[in-house]
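> Sharing a structure with you now.
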Amino acid sequence: MEIDFRATTTPPGLEITDPVEQRHLRIDTPEPVGPIASATDDFRFPVDAAVEIETSELRFEQREDVHVHDADGEVISELQTESRIEMRDGGPYEIGIHSPIKVYVRAHAPFTIEQGIDNFAIAFQGRQHVHVGARTTHERPTGTIVTTPDERGLADAISLFSSALKTTSPERSFPTLRGHPPLVELGDEFRVPSQVEPTPSDVTIEVPESYRHVLAVAPLSYYLAADVRFGDTGRIVTDDGFTLELGTGDAFEDHVARTLKQQFLLDCVVRTVGLFPVELHERRMLEDDLPFDLAETYDCSLGERVRRYAQVPYDVVEPHLPRWPLTAHVPGKSDAATFLPFVADEMGVVREARGTEVTRTTSDANGDDDGGAELTFVEPDDTGESLEHAWFGDHIPQGASMPTMAAFENQLDRAERGGSIDIAVICNDPHMLDEQASLESAYGDRDELPYDVTTRFGLSTDALETFLVEADVDFLHYIGHAERDGLRCIDGKLDVRELESVSVQTFLLNACQSHTQAMALVERGAFGGVGTLGDVVNDYAIEIGRMFAHLLNLGFALRSATDIVSNASTIGQQYVIVGDGSVDMVQSTGGNPLVCEVFGEGRVERDVRFDVYPTNYNPLGSQANVTLDSVTDAYVVPAQTDVYSVPYDELHEYLSWMTYPVIVNGEWRLNNQFGTSDVD
76 MEIDFRATTT PPGLEITDPV EQRHLRIDTP EPVGPIASAT DDFRFPVDAA
126 VEIETSELRF EQREDVHVHD ADGEVISELQ TESRIEMRDG GPYEIGIHSP
176 IKVYVRAHAP FTIEQGIDNF AIAFQGRQHV HVGARTTHER PTGTIVTTPD
226 ERGLADAISL FSSALKTTSP ERSFPTLRGH PPLVELGDEF RVPSQVEPTP
276 SDVTIEVPES YRHVLAVAPL SYYLAADVRF GDTGRIVTDD GFTLELGTGD
326 AFEDHVARTL KQQFLLDCVV RTVGLFPVEL HERRMLEDDL PFDLAETYDC
376 SLGERVRRYA QVPYDVVEPH LPRWPLTAHV PGKSDAATFL PFVADEMGVV
426 REARGTEVTR TTSDANGDDD GGAELTFVEP DDTGESLEHA WFGDHIPQGA
476 SMPTMAAFEN QLDRAERGGS IDIAVICNDP HMLDEQASLE SAYGDRDELP
526 YDVTTRFGLS TDALETFLVE ADVDFLHYIG HAERDGLRCI DGKLDVRELE
576 SVSVQTFLLN ACQSHTQAMA LVERGAFGGV GTLGDVVNDY AIEIGRMFAH
626 LLNLGFALRS ATDIVSNAST IGQQYVIVGD GSVDMVQSTG GNPLVCEVFG
676 EGRVERDVRF DVYPTNYNPL GSQANVTLDS VTDAYVVPAQ TDVYSVPYDE
726 LHEYLSWMTY PVIVNGEWRL NNQFGTSDVD
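Residues in the sequence shown are numbered from 76 upward in steps of one, following our numbering.
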C-alpha cells in the first residue's frame with residue numbers, strides 16, 4: 076500500500092504517510108478523530124486511498140497551494156490570490172492541497188479556508204463528516220522498450236516516450252500530467268510492451284540519421300508527442316504543412332533546446348486560461364507581446380500551437396524562461412539511449428558530451444602538486460545553461476555532476492521505508508569534531524517530521540562496513556578522510572568498491588578526494604550523494620558541511636544544495652554530485668524551497684528577490700507563490716523572481732517565520748532561528 080492514514084493524539088489529528096517516497100503530512104484537528112477507510116471513486120480527481128473523519132477543522136502547519144474545485148473539477152477559488160476563502164452553500168467541493176503528498180478534501184459548504192503566516196486551516200460550521208483522499212507522487216515507467224542499437228531503433232524507441240503523457244493539452248506543462256517515459260533496453264530486435272501505446276499527434280520531428288541528432292531531440296519528441304523520422308536536415312513538421320527548421324551543425328543542439336524551452340513556457344502561459352486559472356507572472360510579462368489570443372490558442376491542436384508559438388521571437392521569451400533544471404551531456408553512441416527516459420522525464424536538454432581534457436594529480440584539484448596519482452578531468456564546453464549539468468561521458472567532470480544508470484535503477488527498485496527518517500552522522504577524524512558539533516542542531520529539528528538521528532565516532536573498518544551494509548539509513552553525513560582506494564578508519568581504510576551492496580540512500584562524504592568512494596556507494600545501492608574532487612582544508616570543510624546539512628534538512632535537492640554551496644563558498648566547486656542530483660533527504664517545509672536575497676539598508680523598505688528551487692514533487696512546470704503580501708504573482712518553477720520593494724516590517728515578519736537562507740547585500744546567512752530575522 077502506497078498511502079497510509081493514521082490517527083494521532085498529541086496533537087490530535089491525522090497523519091498521512093507515503094512510505095515509498097518517505098513523505099509525511101500532518102493534519103491537526105481540535106479533537107481526536109477515528110479515520111474510516113472510504114471509497115476513492117467518489118473523488119473527482121484520482122487518489123490512491125481515502126478515509127472519512129468527523130471534525131470541525133483541519134489545520135495544516137505549513138503553507139501550500141490550495142485550490143477549491145466544483146463538482147465538474149473547475150477551479151472556483153484559490154488560496155494563493157486570497158488570504159481567506161468562504162464557501163456559503165452547495166457542494167460537494169474538492170479542496171486540492173499541493174503538498175509533498177497530493178491531498179484532496181471532499182466536503183460540503185459552509186466552510187472557510189484561512190491562511191496564516193506559515194499555515195492554513197479549513198474550518199466547518201460544527202462537526203462535519205469529511206472525506207480525505209491522498210495520492211502518491213511516486214511514478215514508475217509503464218514498461219521497457221527493447222530496441223536495436225542502430226539509429227533507426229533508437230528513433231523508434233524515442234518516438235514512444237510520449238506514451239507517458241496524460242494529455243497533449245497545454246496542461247501537460249504541469250509535471251503531474253507528464254508521466255515517466257518507458258525504459259529503453261538494447262537488444263537484437265524491436266519489442267514494445269502492450270501497455271506502451273503511441274500518443275496521437277499531428278507533429279513530426281525530422282533529423283539526419285546520426286546518434287547525435289537522434290539523442291538530442293528525445294526530450295522534445297517526448298513533450299511534443301512527435302514521431303522521430305529521418306531527413307536531410309533537422310526540422311519540425313506538422314500535419315497541416317507548417318515547418319520549423321532546427322538548424323544545422325553546431326547550432327542544431329541550441330535550436331532544439333530553445334524550441335523545447337519556448338514551447339514549454341508558452342504552454343505554461345496558455346494553460347492559465349484553462350482548468351487552472353492563476354495570476355502567472357510569465358503571462359503578465361509576455362501576453363502583450365504574443366501574436367495570438369490565449370483562449371483561442373488553448374483550444375487549438377498541438378500542431379497549431381507549435382506553429383503559433385514558433386511565431387514568437389526567442390529573445391522575447393528568453394528573459395522569462397525558468398532556470399532549466401538539467402542539461403545532460405551524453406556521448407553520441409547507442410548506449411546513451413538507456414539514460415534518455417530519465418533525462419526526458421525531467422525535460423532535460425541533451426547535448427553531445429564535448430569538453431577539454433586536463434590531466435592533474437589528485438592533490439592538484441586545489442592548486443597544489445605533491446606528486447599524487449594522475450587523473451584525467453574534463454571541463455564540459457557548456458556548464459551555464461541549467462541548474463545541473465550531468466556528464467555521461469568519460470573521465471571526471473569539473474562543473475558537472477557524475478550520474479550513473481545504477482542511481483536511476485536503484486530508485487525504481489526502492490521498497491517501503493520505515494516510519495522515521497533515519498539520518499546518521501559518522502565522524503572518523505578527531506580534527507573534525509567541530510563539524511560534528513555544528514550538526515547537532517542542523518538535522519532533525521523539524522517537529523512535523525519523524526526523525527531518528529544517530530552519531531558515531533571513530534569507526535573501525537569492520538564497524539564501518541557493517542554500518543554501510545546493514546544500517547538502512549536515509550542519509551549519511553560522513554566526516555573524515557578519503558582516498559581513491561578507501562575511506563580512512565581508525566585501523567586502516569575501507570574500500571566501498573569491495574562491498575557487494577550498501578543500505579544508504581543519500582549521502583555527503585565530506586572528506587578529501589571522496590568522489591571515487593561516492594561513486595562506489597551509488598553503484599552498490601545509493602540513489603545519489605555529494606563527494607569531493609580534491610583536497611579540502613578542514614576549516615572550509617566544516618563550513619561546507621554545516622551549509623549542506625542546513626539546506627538538505629530544509630528539503631533542497633542535491634542539485635539545488637550543491638548549486639547554492641558552489642555560489643556561496645570559495646571552495647564550493649570542489650563538491651560534486653554523484654548519482655541522481657534530483658534526490659533529496661526530506662521534503663521541504665512547505666511549497667518549494669527558496670533563497671531570499673535582500674538589498675539595501677534602513678528600516679523603511681528593502682528590495683527583495685527570490686530564487687525558487689525545484690523538488691521531486693514540485694519540479695519544472697509547477698507554480699510557486701512567495702508568501703509575502705507584496706508579491707502577488709505565481710511563478711513557473713524553477714524561478715528567479717523580479718525584485719520587489721517590500722516594507723521593512725513585512726519583510727522582518729516574513730523572515731522571522733521562515734528558515735530558508737537569506738543573502739543580505741551579498742552576505743550569505745543561514746537564517747535558521749524561528750522568531751528572529753537575520754536581515755540587518
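Yeah, the Cβ is synthetic: ideal placement off N, Cα and C, and Gly gets one too.
1. Would Val-95 and Leu-133 qualify as a contact pair, given that the criterion is a beta-carbon distance under 8 Å?
2. Taking C-beta to C-beta, are Gly-620 and Val-653 nearer than 8 Å?
3. For Asp-488, count the other beta carbons within 10 Å of its own beta carbon; 16 or more makes it buried, fewer makes it exposed. Which is it?
4. Suppose the cutoff is 8 Å on Cβ atoms and the five residues either side in sequence are ignored; what does the same chain contact list for Pro-694 look like?
5. For Tyr-729, is the classification buried or exposed, using 16 other Cβ atoms within 10 angstroms of its Cβ as the cut-off for buried?
6. If contact is defined by three or more beta carbon pairs under 8 Å, each pair taking one atom from either stretch, is the region 243 to 262 in contact with the region 313 to 329?
7. Gln-386: buried (16+ other C-beta within 10 angstroms of its C-beta) or exposed?
8. Give a yes or no on contact between the region 228 to 235 and the region 283 to 299, applying the rule of three or more CB pairs nearer than 8 Å.
9. Using a Cβ-Cβ cutoff of less than 6 Å, which residues in the same chain neighbour Thr-243 once the five nearest sequence positions on both sides are dropped?
10. Which term fits Leu-508, buried or exposed, when burial requires 16 or more other beta carbons within 10 angstroms of its beta carbon?
11. Run through DSSP, which three-state label would Lys-336 get?
12. Return helix, strand or coil for Val-712, following the three-state DSSP convention.
13. Looking at the structure shown, is Asn-441 part of a helix, part of a strand, or coil, going by DSSP?
14. Give me the Cα-Cα distance between Val-568 and Arg-159, rounded to the nearest whole angstrom.
15. I need the DSSP call for Asp-302, collapsed to helix, strand or coil.
16. Let me check understanding here. Comparing Cα to Cα, which of Lys-241, Glu-281, Gly-218, Gly-306 lies closest to Gln-270?
17. State the CB to CB distance for the pair Pro-257 and Pro-416, rounded to an integer number of angstroms; the pair is presumed to be in contact (CB under 8 Å).
18. So, for Gly-430: in the same chain, excluding its five sequence neighbours on each side, which residues have a beta-carbon less than 7 Å away from its beta-carbon?
19. Give a yes or no on contact between the region 185 to 200 and the region 675 to 689, applying the rule of three or more CB pairs nearer than 8 Å.
20. Which of the three DSSP states, helix, strand or coil, is assigned to Phe-135?
21. Taking buried to mean at least 16 other C-beta atoms within 10 Å of its own C-beta, is Asp-445 buried or exposed?
22. Out of curiosity, what's the CA-to-CA distance linking Val-577 and Asp-717?
23. Since Leu-574 and Glu-540 should fall inside the 8 Å C-beta cutoff, what is the C-beta to C-beta distance between them, to a whole number of angstroms?
24. Near Glu-328, what residues of its chain come up, given a Cβ to Cβ distance below 6 Å and the 5 sequence neighbours on each side ignored?
25. Are Glu-680 and Val-651 closer than 8 Å when you measure CB to CB?
26. Could you say if the region 597 to 614 and the region 668 to 675 meet the contact criterion of at least three C-beta pairs nearer than 8 Å?
27. Roughly how many whole angstroms lie between the Cα atoms of Leu-350 and Asp-225?
28. Considering Cα atoms alone, identify which of Val-571, Gly-630, Asp-708, Asn-700 is closest to His-356.
29. Please report the straight-line C-alpha distance between Asp-439 and Ser-516, rounded to a whole angstrom.
30. Measuring CA to CA, which of Gly-468, Ala-112, Phe-265, Val-278 is closest to Val-207?
31. So, for Trp-743: in the same chain, excluding its five sequence neighbours on each side, which residues have a beta-carbon less than 6 Å away from its beta-carbon?
32. Compare the Cα-Cα distances from Ile-170 to each of Phe-120, Pro-87, Thr-536 and report the closest residue.
33. Whose C-beta lies closer than 8 Å to the C-beta of Ser-495 among residues of the same chain, with five residues either side of it excluded?
34. Where does Phe-414 sit, in a helix, a strand or coil, going by DSSP?
35. Checking the sheet assignment: what are the DSSP bridge partners for Val-737?
36. I believe Ala-182 touches Val-205 by the beta-carbon criterion, under 8 Å. Please report the beta-carbon distance rounded to the nearest angstrom.
Result, derived from the coordinates:
1. Taking the sequence shown and counting its residues from 1, the one referred to as residue 95 is at position 20. Taking the sequence shown and counting its residues from 1, the one referred to as residue 133 is at position 58. No; because the gap between Cβ atoms is not below 8 Å, this pair is not in contact.
2. The sequence position of residue 620 within the sequence shown is 545, counting from 1. The sequence position of residue 653 within the sequence shown is 578, counting from 1. Going by C-beta atoms, Gly-620 is not nearer than 8 Å to Val-653.
3. Mapped onto the sequence shown, residue 488 falls at position 413. Under this definition Asp-488 is an exposed residue.
4. In the sequence shown, counting from the first residue as 1, residue 694 sits at position 619. Hits under 8 Å: Pro-250, Pro-400, Glu-421, Ser-657, Val-712.
5. In the sequence shown, counting from the first residue as 1, residue 729 sits at position 654. With 16 or more Cβ atoms within 10 Å of its Cβ, Tyr-729 is classed as buried.
6. no
7. Taking the sequence shown and counting its residues from 1, the one referred to as residue 386 is at position 311. That one is exposed.
8. yes
9. For the purposes of this step, residue 243 is taken as the residue at position 168 of the sequence shown. Closer than 6 Å at the Cβ level, and outside the excluded window around Thr-243, lie Ala-300, Leu-377.
10. Start at 1 with the first residue of the sequence shown, and residue 508 comes out as number 433. Flag for Leu-508 reads exposed.
11. The residue given as residue 336 occupies position 261 in the sequence shown. Of the three classes helix, strand and coil, the one that applies to Lys-336 here is helix, per DSSP.
12. As a working note, residue 712 is residue 637 in the sequence shown. Correct three-state label for Val-712: coil.
13. Mapped onto the sequence shown, residue 441 falls at position 366. Any answer about Asn-441 is weak, because its pLDDT of 41 lies below 50 and its placement is not dependable; what the coordinates show is given next. In the structure shown, Asn-441 sits in a helix (DSSP, three-state: H, G or I).
14. By one-based count along the sequence shown, residue 568 stands at place 493. By one-based count along the sequence shown, residue 159 stands at place 84. A small correction: the amino acid at residue 568 is Lys; Val does not occupy that position in the sequence shown. If I take the Cα positions, the gap works out to 60 Å.
15. Translated into positions along the sequence shown, residue 302 becomes position 227. Strand at Asp-302.
16. Translated into the one-based positions of the sequence shown, residue 270 becomes position 195. Minimum Cα distance to Gln-270 is reached at Gly-218.
17. One-based indexing of the sequence shown puts residue 257 at position 182. One-based indexing of the sequence shown puts residue 416 at position 341. About 6 Å separates the two Cβ atoms, so the contact holds.
18. Within the sequence shown, residue 430 is the residue found at index 355, counting from 1. Cβ within range, chain order: Val-453, Glu-454, Pro-455, Asp-456.
19. no
20. Translated into positions along the sequence shown, residue 135 becomes position 60. If DSSP states are grouped into helix, strand and coil, Phe-135 belongs with the strands.
21. Position 370 of the sequence shown, counting from 1, holds the residue named residue 445. Interpretation of Asp-445 is limited by its pLDDT of 44, a score under 50 that renders its predicted location unreliable; the figure taken from the coordinates is listed afterwards. By the neighbour-count rule (16 or more Cβ atoms within 10 Å), Asp-445 is not buried but exposed.
22. The residue you call residue 577 lines up with position 502 of the sequence shown. The residue you call residue 717 lines up with position 642 of the sequence shown. Straight-line Cα distance between these residues: approximately 44 Å.
23. The count along the sequence shown starts at 1 and reaches residue 574 at position 499. The count along the sequence shown starts at 1 and reaches residue 540 at position 465. Indeed, because the Cβ distance is near 7 Å, the residues count as touching under 8 Å.
24. Residue mapping note: residue 328 aligns to position 253 of the sequence shown, counting from 1. Closer than 6 Å at Cβ, skipping near neighbours: Ala-291, Arg-426.
25. Walking along the sequence shown from the start, residue 680 turns up at place 605. Walking along the sequence shown from the start, residue 651 turns up at place 576. Taking 8 Å as the Cβ cut-off, Glu-680 and Val-651 do not qualify as a contacting pair.
26. no
27. Mapped onto the sequence shown, residue 350 falls at position 275. Mapped onto the sequence shown, residue 225 falls at position 150. Going by the C-alpha atoms only, they are around 42 Å apart.
28. Stepping through the sequence shown from its first residue, residue 356 is reached at position 281. Nearest of Val-571, Gly-630, Asp-708, Asn-700 to His-356, Cα basis: Asp-708.
29. Start at 1 with the first residue of the sequence shown, and residue 439 comes out as number 364. Start at 1 with the first residue of the sequence shown, and residue 516 comes out as number 441. At Asp-439 the pLDDT is 42, less than 50, meaning the model places this residue with poor confidence and gives no usable figure here.
30. Residue numbering aside, residue 207 sits at position 132 when the sequence shown is read from its first letter. For Val-207, the nearest C-alpha among the options comes from Ala-112.
31. Your numbering for residue 743 matches position 668 in the sequence shown. The answer, listed in chain order, is Ala-643.
32. The residue given as residue 170 occupies position 95 in the sequence shown. Among Phe-120, Pro-87, Thr-536, the Cα nearest to that of Ile-170 belongs to Phe-120.
33. In the sequence shown, residue 495 corresponds to position 420, counting from 1. Here the set comprises Pro-525, Tyr-526, Asp-527.
34. Here residue 414 refers to the residue found at position 339 when the sequence shown is read from its first residue. Coil, per DSSP.
35. Position 662 of the sequence shown, counting from 1, holds the residue named residue 737. Its beta-bridge partners are Cys-671, Arg-744.
36. Here residue 182 is taken as the residue at index 107 of the sequence shown, counted from 1. Here residue 205 is taken as the residue at index 130 of the sequence shown, counted from 1. At roughly 5 Å, the Cβ-Cβ gap stays under 8 Å, so Ala-182 and Val-205 are in contact.
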